[in-house]
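Participant:
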Amino acid sequence: MFRLLCAALAVGSLVTTARADRIAPYATPVERALRAPVVVVGKVTAIEKEPVSAPLYPGAQKVAHTIAVVKVESNLLGAENLTHLKVGFVRPAAEQGAGVQAGRGLNNPELKEGQEWLFFLVKHADGAFYAVPYMTPPVETKNDGFKDQLAGVKKALAAVADPARALKAEKEQDRYEAAVTIVYTLRTPREGTRGETEQVPLSAEESGPILRALGEGVWAPTPASQSLNGYGAFSMLGLTEKDGWTAPAVAPGADFFATSRQAFVKWLAGPGKDYRIKKLVPKK
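Residue numbers (mature numbering (1 follows the signal peptide of the UniProt record, and there is no 0)): -20 to -1, 1 to 264.
#1: If Leu137 and Leu57 are in contact, beta carbons under 8 Å, what's the gap, nearest whole angstrom?
#2: Could you check if Asn209 is buried or exposed, using at least 16 other CB atoms within 10 Å of its CB as the buried criterion?
#3: List the whole-angstrom C-beta distance separating Val52 from Gly22, where the pair is believed to meet the contact cut-off of C-beta under 8 Å.
#4: Is the stretch 27 to 46 touching the stretch 151 to 165, taking contact as three or more C-beta pairs under 8 Å?
#5: In angstroms with no decimal places, state the Cα-to-Cα distance between Glu221 and Val245.
#6: Which residue wins for smallest C-alpha separation from residue 265, given the options Tyr255, Pro262 and Gln242?
#7: In angstroms, rounded to a whole number, what distance separates the CA positions of Ala234 and Ser240?
#8: Do Gln179 and Leu248 have their CB atoms nearer than 8 Å?
#9: Would you mind listing the beta strand (DSSP E) stretches within the stretch 146 to 181 that are 3+ residues and don't spill past its ends, in chain order?
#10: Counting pairs of beta carbons, one from the stretch 31 to 46 and one from the stretch 181 to 195, are three or more of them closer than 8 Å?
#11: If you follow the beta strand (DSSP E) that Lys42 is part of, which residue opens it and which one closes it?
#12: Note down, in chain order, each residue of its chain lying with its Cβ closer than 6 Å to the Cβ of Trp97, except the 5 sequence neighbours on either side.
#13: How far does the alpha helix (DSSP H) with Thr239 in it reach, from first residue to last?
#14: Thinking C-alpha only, which one of Asp142, Thr226, Glu171 and Thr173 is nearest Ala158?
#15: Is Ile190 helix, strand or coil by DSSP?
#16: Would you call Thr168 buried or exposed, if buried means 16 or more other Cβ atoms sit within 10 Å of its Cβ?
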């Protein structure tokens, strides 16, 4: 499941706030869910007649946002006790005439009454509605493979919601996948995060199981796991000589990823035994 759902996204694409005029690759549904404050499966029940004027992102010009009323059919994250959400979206530049350069819009679908989607949402900066982050489109429930995509999203969010349980899974592969997911979440600011971030260390009791599980899997990326893989998660830790880490010398013809994983496991048993993963959080 994990392998099928984790397609290409460069680790370097992680940003604190997604601007609407930047070009970036799409993330997988799992990655979108791990970055979004609100994840729901919902049905568009109405489109409000009057648009709302609001900036695409803080500091940008105001443009007309069409408001879709979405009935929450399944709350996966962040919409507890809510039956409906108002989701704002910007129609194509040619239609809404807001002065947005052609080809530089949101690249998100135009919502229509009756459609059902898996939404990844953030509260708009003005607070009047929820917004679809740039290049974080919803997934329509009628798409091929949707059931598998939804299952992958649920599995990832469950691991983040209860790391202790996920890291005690019976199967080594499940523990490894949970560790990769948890590290990705800890080291990635949520969509909508503004301003500076700071790094807050986890406790040794929290870090240890994550790091040990991370060392249990195969680190090499596959076409379906270019970022959500062991080496990607390891790189996000940002280990340096101050942590007792020294990058291994890889012999000609040797497997770089396997060599790196072996070095990590050795480091974890020695200099890294007391290492604590640092979580990125908004700076107070």
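A virtual CB, placed ideally from N, CA and C, is assigned to each residue, including glycine.
Treat the numbers as computed from the prediction; the structure is a model and nothing was measured.
Facilitator: Let me lay it out:
#1: 6 Å
#2: buried
#3: 5 Å
#4: no
#5: 16 Å
#6: Summary: the structure shown does not reach residue 265, with the chain confined to residues -20 through 264, and so no result is reported for it.
#7: 11 Å
#8: no
#9: 177 to 181
#10: no
#11: Lys42 to Leu57
#12: Pro118 and Glu120
#13: Phe236 to Ala249
#14: Asp142
#15: helix
#16: buried
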